[in-house]
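Using full-length UniProt numbering, the first residue of the sequence shown is number 1, and each one after it goes up by one.
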Amino acid sequence: MGSGDPLPKNRTRLWLGTFDAAEEAALAYDHAAYKLRGESARLNFPQLRHNWLGGGFKPLHSSVDAKLQEICSDLVGG
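Below is the structure:
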């Protein structure tokens, strides 16, 4: 099972990875959505949103996380 997240504005997708369980894919989506949209993100598990603030939960591969960081920087920078 794979998971992709639509990115704001350009509507392209970022491949989040392949997961063995639907819950793992949903958590990866939540992590990416929260990084991109913050408190306004619509999450599958909203009760876990604060786990990502301190970096205590990282279901994403480091290369995906790096790409998310790049996208977030681009969005902030214009």
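Don't be surprised by glycine CBs; every beta carbon is placed ideally from N, CA and C.
Could you work out which residue in LEU36, ALA21, GLU23 is closest to VAL64 when comparing CA atoms only?
LEU36
Please classify LEU36: does DSSP put it in a helix, a strand, or coil?
In this structure, LEU36 counts as helix in the three-state DSSP scheme.
Can you tell me whether LEU43 is helix, strand or coil according to DSSP?
Secondary structure at LEU43: coil, using DSSP grouped into helix, strand and coil.
Decide if the region 71 to 78 is in contact with the region 38 to 46; the criterion is three or more beta carbon pairs, one per stretch, under 8 Å apart.
no
For ASP20, count neighbouring C-beta atoms within 10 Å of its own C-beta (all shown protein chains included) and say buried if the count is 16 or more, exposed if not.
exposed
Could you tell me if HIS31 is buried or exposed, where buried requires 16 or more neighbouring beta carbons within 10 angstroms of its beta carbon?
Note on HIS31: 16 or more other CB atoms within 10 angstroms of its CB, so buried under the neighbour-count rule.
Buried or exposed for ALA25, going by 16 or more other Cβ atoms inside 10 Å?
Buried is the call here.
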